[in-house]
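Its first residue numbered 1, the sequence shown is counted upward by one per residue in full-length UniProt numbering.
Below is one structure; the comments refer to it alone.
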Amino acid sequence: MLVVHDTVAQKNFDPVLPPLPDNFDDDFDEESVKIVRLVKNKEPLGATIRRDEHTGAVIVARIMRGGAADRSGLVHVGDELREVNGITVLHKRPEEISQILVCTDFNFKIFFCWVI
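The structure is reproduced here in structure tokens:
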């Protein structure tokens with residue numbers, strides 16, 4: 001109980017963010033990036049994606065209520081998907097990206113960005 005008290009007293013309870021990867025793309029200069037780490041079981045992610053006709057970007061089109069993406073509160077409609085577990089999705093078809101997400105069972109990391 002004293003350890004918990006000391007942790008709270010020192011305000012040492014904020015989450016520690018992982019460092020940016022070494023191969024982080026410098027194209028993110030004028031964009032805001034969020035790195036989302038979701039933990040799921042055999043359930044689907046609970047989000048659909050689409051390719052933007054004008055930019056070619058992979059965009060979150062819909063979030064299914066109650067799915068892993070919805071429960072996290074970190075994934076939103078309109079977010080641009082850039083990477084899944086270190087695999088870039090910039091030139092992949094939505095079907096290929098869906099396969100990457102389906103084959104990932106437990107813990108995976110997703111890079112999203114949106115223009116400020």
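Built from N, CA and C at the ideal position, the CB exists for glycine as well.
Keep in mind that this is a model prediction, so the values were computed, not measured.
query	result
If we ignore side chains and look at the alpha-carbon of each, how far apart do glutamate 43 and glycine 73 end up?	17 Å
What residue range is occupied by the uninterrupted beta strand (DSSP E) comprising alanine 47?	47-51
Tell me the DSSP secondary structure of glutamate 83 in three-state form.	strand
Mind checking which residues open and close the beta strand (DSSP E) that includes alanine 68?	Note, alanine 68: premise wrong, no beta strand (DSSP E); alpha helix (DSSP H) at 68-72.
So alanine 61 is in the beta strand (DSSP E); what residue range does that whole segment cover?	58-63
Using the three-state DSSP reduction, which class does leucine 90 fall into: helix, strand or coil?	coil
Under the assumption that residue 118 contacts valine 89 (Cβ atoms under 8 Å), give the Cβ distance between them as a whole number of angstroms.	Given a span of 1 to 116 for the chain in the structure shown, any question on residue 118 remains unanswerable.
Can the beta-carbon of alanine 61 be found less than 9 Å from the beta-carbon of leucine 38?	no
Arginine 65: which of Thr55, Ala47, Ile59 sits nearest, CA to CA?	Ala47
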